[in-house]
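Enquirer:
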Amino acid sequence: MEYRRLGRTDWRVSVVSFGAWQIGDPEFWGKDDAANAEEAVQVALDEGVNLFDTAEMYGGGASEEALGKALGARRRDVHIADKVSPENCAPDRVRAACEASLRRLGTDWIDLYQVHWPSRTVPFEDTHAALSALRDEGKIREIGVSNFGARDLAQWCGAGGAASDQVGYNLLFRAAEYEAIPACRERGVAVLAYMPLMQGLLTGRYASIEDIPMLRRRTRHFSRHRDGTRHGEDGHENLLMDTVADLRDFAAAVGLTVEGMALSWLAAQPGVSSVILGARNPAQLLDNLRAVEDIGPAAVAQLNELTYPLKRALGPNCDMWQTAENSRIR
625 MEYRRLGRTD WRVSVVSFGA WQIGDPEFWG KDDAANAEEA VQVALDEGVN
675 LFDTAEMYGG GASEEALGKA LGARRRDVHI ADKVSPENCA PDRVRAACEA
725 SLRRLGTDWI DLYQVHWPSR TVPFEDTHAA LSALRDEGKI REIGVSNFGA
775 RDLAQWCGAG GAASDQVGYN LLFRAAEYEA IPACRERGVA VLAYMPLMQG
825 LLTGRYASIE DIPMLRRRTR HFSRHRDGTR HGEDGHENLL MDTVADLRDF
875 AAAVGLTVEG MALSWLAAQP GVSSVILGAR NPAQLLDNLR AVEDIGPAAV
925 AQLNELTYPL KRALGPNCDM WQTAENSRIR
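Here it is as structure tokens:
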């Protein structure tokens, strides 16, 4: 396992981290007969993963509970990254949310405590002050953000800084490359990339749009006429599926799995400290962890070219689910 520095901290985190949403929210992710949360966490630990990401909103806290239980006595060997929801960003609510997360995790401290989405009602300065107090007390070690665009990140850093910014980023959604990632690199903020396989689209398992589960086809890739969408855009369904087919063909030509290729491409991107890989199937997780490799600059360049039309079509709006006018990521 490769390890990289997390922003300006002295931490070295695994280039692939474990996303615990899937182990605590089966209603969203659907049934999987091979799912085994505790075994998946043990596989990750044995393979050298030392960063585990969760949030209070994942399964209403069930993800935190499952992660804490699965880590058990090995908790001290890892960094736990947790998130506070935007509705809990007021100072008194930040403290209560943090203490509730600590109880569910069964730990005395959270290593990286992140603001899950920017609050539009509580000033960043107030939230940062509350987080700083928790850090001074030893309840959290580092402060991070999630889903912060360039403007919000600049304002947040003016209030006191962040170790990391968690952004949605993958071969099929490269909006963060326009402004968000350059802003992170300029400020020494680590990029944690979530949704690296685009909720399964980059696994090669879906032959058509109709095969994709409804809850996973709500992003701006899809037509506004699809159930569950709220963006009101026409989408780019033909371009999306053509791009997926091109990626599948390229992976076969170079002897890689689609998911291994997608993860390796993402790990090669400038500014990325860790790729957050959600998992509950131990065998599948092991295959994916071992598929991450240095694919070389020529393959990276070819993948950039294959996915550029979709990048251009979706534009710089980093919110996958809302229009630029209504974007929650600024």
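Counting from 625, one number per residue, gives the positions in the sequence shown under my numbering.
Quick reminder that beta carbons are idealized off the backbone N, C-alpha and C, glycines included.
Would you tell me roughly how many angstroms separate the C-alpha atoms of Pro742 and Gly672, rounded to the nearest one?
Expert: Translated into the one-based positions of the sequence shown, residue 742 becomes position 118. Translated into the one-based positions of the sequence shown, residue 672 becomes position 48. The alpha-carbon atoms of Pro742 and Gly672 are separated by roughly 32 Å.
Enquirer: With burial defined as no fewer than 16 other Cβ atoms inside 10 Å of the residue's Cβ, what is the status of Gly692: buried or exposed?
Expert: Position 68 of the sequence shown, counting from 1, holds the residue named residue 692. Around the beta-carbon of Gly692, 16 or more other beta-carbon atoms lie within 10 Å, marking it buried.
Enquirer: Give the secondary structure of Glu766 by DSSP, where H, G and I count as helix, E and B as strand, and everything else as coil.
Expert: For the purposes of this step, residue 766 is taken as residue 142 along the sequence shown, with counting starting at 1. Correct three-state label for Glu766: strand.
Enquirer: Determine the direct distance from the alpha carbon of Ala697 to that of Ala948, and round the result to whole angstroms.
Expert: Taking the sequence shown and counting its residues from 1, the one referred to as residue 948 is at position 324. Taking the sequence shown and counting its residues from 1, the one referred to as residue 697 is at position 73. C-alpha of Ala948 to C-alpha of Ala697: approximately 45 Å in a straight line.
Enquirer: Going by C-alpha to C-alpha distance, which of Gly730, Val718, Ala787 and Gln908 sits closest to Arg958?
Expert: Because the chain spans 625 through 954 in this model, residue 958 falls outside it and cannot be assessed.
Enquirer: Under three-state DSSP, which class holds Arg632?
Expert: Walking along the sequence shown from the start, residue 632 turns up at place 8. Here Arg632 sits in coil by DSSP.
Enquirer: Helix, strand or coil for Val924 per DSSP?
Expert: Counting from 1 along the sequence shown, the entry for residue 924 is found at position 300. Val924 falls in the helix class under three-state DSSP.
Enquirer: Between Leu795 and Ala886, how many whole angstroms is the CB-CB distance? I'm expecting something under 8 Å.
Expert: Taking the first residue of the sequence shown as position 1, residue 795 is located at position 171. Taking the first residue of the sequence shown as position 1, residue 886 is located at position 262. About 5 Å; that satisfies the 8 Å criterion.
Enquirer: Checking 9 Å against the spacing of the C-beta atoms, do Arg629 and Ala814 come in under that value?
Expert: Counting from 1 along the sequence shown, the entry for residue 629 is found at position 5. Counting from 1 along the sequence shown, the entry for residue 814 is found at position 190. For Arg629 and Ala814, yes; Cβs fall inside 9 Å.
Enquirer: By the DSSP assignment, the alpha helix (DSSP H) with Leu755 in it spans what residues?
Expert: Numbered from 1 along the sequence shown, position 131 holds the residue referred to as residue 755. Here the alpha helix (DSSP H) through Leu755 covers Phe748 to Asp760.
Enquirer: Ends of the alpha helix (DSSP H) at Leu777?
Expert: As a working mapping, residue 777 is identified with position 153 in the sequence shown. Here the alpha helix (DSSP H) through Leu777 covers Ala774 to Ala783.
Enquirer: Could you give the residue range of the alpha helix (DSSP H) that holds Leu622?
Expert: Given that the chain is displayed from residue 625 to residue 954, the structure contains no residue 622 and the question cannot be resolved.
Enquirer: May I ask which residues mark the beginning and end of the beta strand (DSSP E) holding Ser951?
Expert: For this step, residue 951 is matched to residue 327 along the sequence shown. Looking at the DSSP string, Ser951 is not in any beta strand (DSSP E), and its letter there is neither H nor E.
Enquirer: I need the straight-line Cα distance from Ala831 to Ala876, nearest angstrom please.
Expert: Residue 831 sits at position 207 when you count from the first residue of the sequence shown. Residue 876 sits at position 252 when you count from the first residue of the sequence shown. For Ala831 and Ala876, the distance between alpha carbons rounds to 16 Å.
Enquirer: Starting from Phe652 and walking both ways along the alpha helix (DSSP H), at which residues does that stretch end?
Expert: Here residue 652 corresponds to residue number 28 of the sequence shown, with the count starting at 1. Unbroken alpha helix (DSSP H) run through Phe652: Pro650 to Trp653.
Enquirer: Secondary structure at Gly792, three-state DSSP: helix, strand or coil?
Expert: For the purposes of this step, residue 792 is taken as residue 168 along the sequence shown, with counting starting at 1. Three-state result, Gly792: strand.
Enquirer: Near Glu626, which residues of its chain fall below 6 Å by C-beta distance, leaving aside the five closest residues on each side in sequence?
Expert: Residue 626 sits at position 2 when you count from the first residue of the sequence shown. Only Val639 meet the Cβ criterion.
Enquirer: Starting from Val667, trace the alpha helix (DSSP H) in both directions and tell me its first and last residue.
Expert: To locate residue 667, count along the sequence shown from 1; it is residue 43. Segment Ala661 to Asp670, the alpha helix (DSSP H) holding Val667.
Enquirer: For Arg699 and Asp732, what's the separation of their Cα atoms in angstroms?
Expert: Taking the first residue of the sequence shown as 1, we reach residue 699 at position 75. Taking the first residue of the sequence shown as 1, we reach residue 732 at position 108. Using only the alpha carbons, I get a separation of about 10 Å.
Enquirer: Does DSSP put Ser888 in a helix, a strand or coil?
Expert: The residue given as residue 888 occupies position 264 in the sequence shown. For Ser888, the secondary structure class from DSSP, reduced to helix, strand or coil, is helix.
Enquirer: So, with DSSP's three-state summary, where would you put Val882?
Expert: As a position in the sequence shown, residue 882 is number 258, starting the count at 1. Correct three-state label for Val882: helix.
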